[in-house]
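Everything below concerns the one structure shown next.
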Amino acid sequence: VGSTGAATGPHLHYEFLIDGQHRDPRKVHRELPKAKTLAAAELPAYRSAIADVSQQIAGLQEDRRLAMRSTDSSTPAAP
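Heads up: the sequence shown begins at 1 in UniProt numbering, then just goes up one per residue.
Written as structure tokens, this is what we have:
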């Protein structure tokens, strides 16, 4: 995510290159292999893994907020 060149704001750029050719991402998904459905016995482990990653992301977001506050001169520093 960034804002470079003629961008009017932060944005995410992605593209598909297949055999060196640019492809329309709205159509590429039709050619991708279909995902298999998880067995019911695998769902608890999957949900646990998702919860772990979600906690890690939340921690990174908190770190970012702390970093942003530390650069804001209007916010008093902690004692």
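All C-beta atoms in this analysis are idealised placements derived from N, C-alpha and C, irrespective of residue type, glycine included.
{"query": "Just the C-alpha distance for L32 and R26, rounded to the nearest angstrom, thanks.", "result": "12 Å"}
{"query": "Work out the CA separation of G9 and A51 for me, nearest whole Å.", "result": "31 Å"}
{"query": "Excluding sequence positions up to five away, which residues of its chain have a Cβ less than 8 Å from the Cβ of H22?", "result": "E15 and F16"}
{"query": "Who are L17's beta bridge partners in DSSP?", "result": "H22"}
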